[in-house]
Structures are given as C-alpha cells and as structure tokens.
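Below is one structure; the comments refer to it alone.
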Amino acid sequence: MLLALAALAVLLDLRHRDEPTVVADEPAAHRAPVLADEHAAHQGTNSTRPEGFAPVALDPAQATAMGLTTEVVSEREFSRKVRTVGLVTVDETRTAHVHSRVRGWIEGYYVQFVGRKVKKGEALVSLYSQEVYAAQLELASLIKSPLKSPELLDAARNRLALWNVPRSVIDHIERTGEPKRTIPVVSPRAGVVVAKQAFEGMFVDPSIELYTISDLTRVWILADIYEADVSSVRAGSSASLTVEGVGEPISAKVAFLYPTIDERTRTRKARFELANVSAAVMPGAFVTVELELAEQRGLAVPESAVIRTGARSIVFIVHGTHAEPREVKLTGRVGDYYRVESGVVAGEHVATGAQFLLDSESRLRASSAPGGGHAGH
Numbered sequence: 535m536l537l538a539l540a541a542l543a544v545l546l547d548l549r550h551r552d553e554p555t556v557v558a559d560e561p562a563a564h565r566a567p568v569l570a571d572e573h574a575a576h577q578g579t580n581s582t583r584p585e586g587f588a589p590v591a592l593d594p595a596q597a598t599a600m601g602l603t604t605e606v607v608s609e610r611e612f613s614r615k616v617r618t619v620g621l622v623t624v625d626e627t628r629t630a631h632v633h634s635r636v637r638g639w640i641e642g643y644y645v646q647f648v649g650r651k652v653k654k655g656e657a658l659v660s661l662y663s664q665e666v667y668a669a670q671l672e673l674a675s676l677i678k679s680p681l682k683s684p685e686l687l688d689a690a691r692n693r694l695a696l697w698n699v700p701r702s703v704i705d706h707i708e709r710t711g712e713p714k715r716t717i718p719v720v721s722p723r724a725g726v727v728v729a730k731q732a733f734e735g736m737f738v739d740p741s742i743e744l745y746t747i748s749d750l751t752r753v754w755i756l757a758d759i760y761e762a763d764v765s766s767v768r769a770g771s772s773a774s775l776t777v778e779g780v781g782e783p784i785s786a787k788v789a790f791l792y793p794t795i796d797e798r799t800r801t802r803k804a805r806f807e808l809a810n811v812s813a814a815v816m817p818g819a820f821v822t823v824e825l826e827l828a829e830q831r832g833l834a835v836p837e838s839a840v841i842r843t844g845a846r847s848i849v850f851i852v853h854g855t856h857a858e859p860r861e862v863k864l865t866g867r868v869g870d871y872y873r874v875e876s877g878v879v880a881g882e883h884v885a886t887g888a889q890f891l892l893d894s895e896s897r898l899r900a901s902s903a904p905g906g907g908h909a910g911h
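All the letters of the sequence shown, read from the start, carry residue numbers 535 to 911 under this note's numbering.
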C-alpha cells in the first residue's frame, strides 16, 4: 500500500511539474536545458516515436523516487538452445560384417548368441564347402606330384587364399598332403556380436550376413535436426546429451552433418561420437539432445526494458532530463535479452526500472497534448 501511494505521488509530481503555471514560475536557467534536451531528442528520434506516447521530463530526485534504473544498449553474442532426440548406434568405422566367400554348410557353430565378445581371428563357425574341399585336393595332388610346377602350386594356393581359407589350413595341406573337411570363418576384428543370422546346419552363400561385430568402446549418436534449425547447426556445435539409463548428461560436439534431408521426417542427421570404454551407453538407447546454437552478434536490450502494447514493443530511452519512448523491432529472445533490429543505437541508456510509471505518464501527456493521442506525428 505504501509503495502504491509512493508511485502515485511520483506520478502526481511528474504531472505537477509539467503544468504551465509551475514551469513559468521556475527560473529560466533551470528550464532551458530541459527544453533543449526535449527538442533534440524529438528531432533525433521522431521516426521511431510510437503514436500515443510523449517524452517524460525527469530530474534526479524524481528518478530516484521512481526507482528508475538504466542499462546501456550494446552488442551481444546471441545463442539459443534447441532440443531434439537421437539414437545410439554402433560406430560404422569400427564395425565388420561377416560373410562366407563360398557356398557351404555350417558344421561347427562356436559363437551362438548376440552380445558375445570375440577376439580378432577367433573362429565363429566352420563350413563344409564342396568347392573348397576340391581345391584342397587339387593342392594336395600337386604337392605329391613328381612334377611340381611352381606356377600351378601358386595358383592353387592363391585360389584358397582368395576364399579366405586360413594360412594355417594351407600349411597343413603342404605339410601332410591331406585336406581339411571344414574351414573356419573367423572374426575380422575384436568386438561384440551385435547381430547374427548363423545357425548350426544352415546352408550359406556369400549373400548371407552371418554376423555383425562392432567395437563398442566407441559409439555414435545420431540426432534429428529439423529444417528450421539446419542452417544454425555446424560441425563443432556444442550439445548436452542425456542418454536413457545413464545418469549424468554428456557434453559433446557435432562431429559430422549428413548432406541430405530425410523426405519423410524433414530432418537432417547430426552425428556425435562418444568414447564408451565402460559400455554404459548401449546401441538402441534413446537420447535427448540439447544443442547450443550460436547466432550472429546484434544489439540487445534486457527483457525488463520492453513494454508490450499489442503488436508493438516500446522502450524508454533516458538521456539528460528526459525519458523518450521508442518503438523497437525485436527479432528474437535469448535468456533475459531481446535482440533489436531497429529503434535504438549502441550506447543509449534504456530504462530497466519504473517503465510502467513512465508508460502511464507518457500516455497521459500524449493524450493531453494538442491533437490528443497523436504526439510525435
């Protein structure tokens, strides 16, 4: 109640000081600077003065009583946060797809389930292949022949090698002259089996993917970037990733942006690469992605300085002994600041306190001016 009475007293005092009888009683030395300031302000900013508002005369005592504070209009680096979703996937550069290079039947079945860890060179299955067995017999025959042609021996060895027959099997044939009934299909890398189609007794050919093996000590996160935000996301953009089942958010940067837009979802994929030695981040998990997008620099005014009046945005510029209303064009808000496209210039002081007192007084003065309600036109 006391604050309301104080505000009312300030408003009445402002109105009282602007009455012609009061101004006429003041010495000329006190009035001239005020009138000069008002005239200069009016001339310099008439193009942005909003209809229905008028400048408000102030003195230090009034400003203090009103609780008037100001902030300098300056340039700021604007950024914004965008939330989207993503999915944990395997690192494609650390993933191997295992196929047989020949047709045959699985007789030895050693890696029987998804999730099993394997070593590089470890046997996954063993195959009986009529083609490979015949090629082994041919090599064994050439070795036993009294006419050992180096060219024919090399050709026989190379045929087996091209079918991924291990060197140990070829050495066995050359040492013993006996073929192996089955040949192993081995893992080309160390990792974890993340997919499997192999089963005991199964007939396979080169088109069938028997296993997918991935090194999960490093994983990818693929996030969907919507078309409206695509131009603001760049390689190196910072993000906070919250993975389901993992407690703390993970800081990361965009490692790669895919060069196409998905026609169905209208999104572009952004890739993050994460070290995952503990295996806490699992492929298939959902991820909440919060991107920090940097925008260009621009003039800014604090949110507390802006008065919204329908479709218009008004601020009060304080200079000398006057507060002048300005209409500003805002192009976005980040945190506690609006970016300003027009209406103010760098270095001006914008009112951040007592705006509503200034707003009320400015409207009263505009309505009581000649032509009421059209001050500034």
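Here a beta-carbon is modelled for each residue, glycine too, at the ideal position from N, C-alpha and C.
Legend entry - Those runs of the beta strand (DSSP E) which lie wholly inside the stretch 630 to 655 and span at least 3 residues: Look at the stretch 630 to 655 and you find these whole runs of beta strand (DSSP E), each 3 residues long or longer: 638 to 643.
Inset, instruction - State the DSSP-derived secondary structure class of S721, mapped to helix, strand or coil. - result: Shown here, S721 sits in coil according to DSSP, grouped into three states, outside any helix or strand.
Legend entry - C-beta neighbour in chain D for V738, strict 7 Å: Going by chain labels, chain D is absent from the structure shown, which holds only one protein chain.
Legend entry - S714 classed as buried or exposed, judged by whether at least 16 other C-beta atoms fall within 10 angstroms: Reading off the sequence, residue 714 comes out as Lys, not Ser. So K714 counts as buried.
Inset, instruction - Ignore the nearest five residues each way along the sequence and tell me which others in L671's own chain have a CB closer than 7 Å to its CB. - result: Closer than 7 Å at Cβ, skipping near neighbours: P713.
Inset, instruction - Flag this pair as yes or no: are the beta carbons of I851 and P584 separated by less than 7 Å? - result: I851 is not a Cβ neighbour of P584, given a cutoff of 7 Å.
Inset, instruction - State the start and end residues of the unbroken alpha helix (DSSP H) segment that holds A839. - result: Looking at the DSSP string, A839 is not in any alpha helix (DSSP H), and its letter there is neither H nor E.
Legend entry - Paired residues, beta bridge with I755 - DSSP: The bridge partners DSSP lists for I755 are V622 and F806.
Legend entry - Cβ-Cβ separation, S772 to E826 (assumed contact under 8 Å), whole Å: The C-beta distance from E826 to S772 rounds to 5 Å, short enough to meet the 8 Å contact threshold.
Legend entry - S608 and A880 closer than 7 Å at C-beta: Yes, these two residues count as a Cβ contact at 7 Å.
Legend entry - Of the residues P700, A599, E875 and G620, the one placed nearest K803, counting alpha carbons only: Of P700, A599, E875 and G620, the residue nearest in Cα terms is G620.
Inset, instruction - Determine the direct distance from the alpha carbon of E761 to that of T579, and round the result to whole angstroms. - result: Note that T579 scores a pLDDT of 44, beneath 50, so its modelled location is shaky; the value from the coordinates is reported in the next line. Here the C-alpha atom of T579 lies approximately 39 Å from the C-alpha atom of E761.
Legend entry - I677, enclosing alpha helix (DSSP H) - first and last residue: Unbroken alpha helix (DSSP H) run through I677: Q664 to K678.
Legend entry - Classification of H856 by the beta-carbon crowding that lies within 10 angstroms, buried from 16 upward: In the assembly as shown, H856 is a buried residue. Its beta-carbon has 16 or more other beta-carbons within 10 Å.
Inset, instruction - Decide if S721 is buried, meaning its Cβ has at least 16 other Cβ atoms within 10 Å, or exposed. - result: With 16 or more other Cβ atoms within 10 Å, it is buried.
Inset, instruction - Write down the C-beta distance between I640 and V738 rounded to the nearest angstrom, noting that I regard them as a contact closer than 8 Å. - result: Cβ-Cβ separation between I640 and V738: approximately 6 Å, consistent with a contact (criterion under 8 Å).
Inset, instruction - Give me the Cα-Cα distance between N810 and G869, rounded to the nearest whole angstrom. - result: Our two residues, N810 and G869, have alpha carbons roughly 33 Å apart in a direct line.
Inset, instruction - Just the C-alpha distance for G887 and R831, rounded to the nearest angstrom, thanks. - result: Rounded to the nearest angstrom, the two C-alpha atoms are 25 Å apart.
Legend entry - DSSP three-state assignment for Q731, whether helix, strand or coil: DSSP places Q731 in coil when its eight states are reduced to three.
Inset, instruction - Could you tell me how far apart the beta carbons of R635 and N692 are, in whole angstroms, since I believe they sit closer than 8 Å? - result: At roughly 13 Å, the Cβ-Cβ gap does not stay under 8 Å, so R635 and N692 are not in contact.
Legend entry - 6 Å Cβ shell around T746 - same chain, five flanking residues per side excluded: Result list for T746: H631, V728 and A729, in chain order.
Inset, instruction - For the alpha helix (DSSP H) containing I742, list its first residue and its last residue. - result: Premise fails: I742 is in no alpha helix (DSSP H) and is neither H nor E.
Inset, instruction - Answer yes or no: do T776 and T716 have a C-beta to C-beta separation smaller than 7 Å? - result: Taking 7 Å as the Cβ cut-off, T776 and T716 do not qualify as a contacting pair.
Inset, instruction - Over the uninterrupted alpha helix (DSSP H) stretch that includes L687, give me the two end residues. - result: P684 to L696 is the span of the alpha helix (DSSP H), which, as asked, contains L687.
Inset, instruction - Compare the beta carbon distance of H883 and V590 with 7 Å and say whether it is the shorter of the two. - result: Taking the C-beta atoms as reference points, V590 is found no nearer than 7 Å to H883.
Inset, instruction - Identify the continuous beta strand (DSSP E) that holds P859 and give its terminal residues. - result: Counting along the chain, the unbroken beta strand (DSSP E) around P859 starts and ends at H856 to E861.
Legend entry - R873, DSSP secondary structure in three states: Strand, per DSSP.
Inset, instruction - Answer with buried or exposed for S741, where buried requires no fewer than 16 other C-beta atoms within 10 angstroms of its C-beta. - result: It counts as exposed.
Legend entry - Neighbourhood of A669 by C-beta, 6 Å cutoff - its chain only, sequence neighbours within 5 removed: Excluding sequence positions up to five before and after A669, its CB lies within less than 6 Å of the CB of R693 and L694, all in the same chain and listed in chain order.
Legend entry - Option nearest T843 by Cα separation, candidates R860, A834 and K615: The residue with the shortest Cα to Cα distance from T843 is R860.
Inset, instruction - Could you tell me the distance, in whole angstroms, from the CA atom of R701 to the CA atom of D749? - result: The C-alpha of R701 lies about 25 Å from the C-alpha of D749.
Legend entry - Start-end ranges of the alpha helix (DSSP H) lying completely within the stretch 576 to 618, minimum 4 residues: With a minimum length of 4 residues, the continuous alpha helix (DSSP H) runs that stay inside the stretch 576 to 618 are 594 to 600.
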